[in-house]
Amino acid sequence: MGVSFRNNTWFDPFVVLFLISSSTRLSLAVTKSEINTICTGTKNHSFCFQLFKSGPHMTKLDLFGVAKFLIKYAHHEALDTQKILQLHAESIIDPFIKKGYSLCSKHFEDTLEPFDSALKSLAAKDPHSLNLDISAAIDSAETCKDDFEDVHIKLDPQILMKINAFQYLCSVPLMISTLLPNNS
């Protein structure tokens, strides 16, 4: 049932299919083991596990698909947080605190470009650049919190929770970037 080549070597298509399937995953969906590895590598494990539970469609995606979905979701959250910070700044009378919220809003505006770059890095299958892009977004959010700490002003607790959740969200595709194969 094999095919003979010119050099009289027999080639069995079923053997090749077996070899290919045993060396590559037949299912491209992210595995429970990968989810465990991802979530235990993040700053907030429970947030990560809850994220996967609340979005069961993510478990039908491969690692690249999950990363792409989460980058787009984080981009949306950054934009939302930036708008909330800007509205909060506009509603505050104290010019010192107003400036703090305006600056923090600017930091979140700065997270938008790394997400655009992250999507390009993901498409290019460049996990190192992807890691740097997502790290830049996380750093911008951290800078926002640091700016308030430096001048001894407390961020609105709900806004602080939103910023922390944003960073926890970003830590998931950041961790995924360490598991993706290089294109090279």
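With this note's numbering applied, the sequence shown has no gaps in its numbers, which climb one by one up to 382 at the end.
Glycine is no exception: its CB is placed at the ideal position from the N, C-alpha and C atoms.
Nothing here was measured: the structure is a model prediction, and the numbers come from that model.
Legend entry - Residues near S319 by beta carbon distance below 6 Å, same chain, minus five either side: S327, L328 and D331.
Inset, instruction - Please name the residue in D260, K251, L277 and T257 whose C-alpha comes closest to that of F364. - result: When D260, K251, L277 and T257 are compared, the shortest CA-CA separation from F364 is found for L277.
Legend entry - DSSP state of A322 mapped onto helix, strand, coil: If DSSP states are grouped into helix, strand and coil, A322 belongs with coil.
Inset, instruction - Would you kindly work out how many angstroms separate the C-alpha atoms of L317 and D354, rounded to a whole number? - result: Cα-Cα distance, rounded: 31 Å.
Legend entry - Unbroken stretches of the alpha helix (DSSP H), 4 residues or longer, contained in the region 224 to 270: Whole alpha helix (DSSP H) segments, 4+ residues: 230 to 238 and 243 to 252.
Legend entry - Nearest-angstrom Cα separation, counted from K230 out to G298: Going from the Cα of G298 to the Cα of K230 covers about 42 Å.
Inset, instruction - State the Cα-Cα distance for the pair G239 and H286, rounded to the nearest angstrom. - result: Near 33 Å, if we compare the C-alpha coordinates of H286 and G239.
Legend entry - DSSP-derived helix/strand/coil call for V370: Helix, per DSSP.
Inset, instruction - Could you say which of N242, T341, Q280 and S333 lies nearest to S303 if we only look at CA atoms? - result: Looking at the Cα atoms, Q280 is the closest of the given residues.
Inset, instruction - Measure the Cβ-Cβ separation of I269 and P371 and say whether it is below 8 Å. - result: A Cβ-Cβ contact shorter than 8 Å links I269 with P371.
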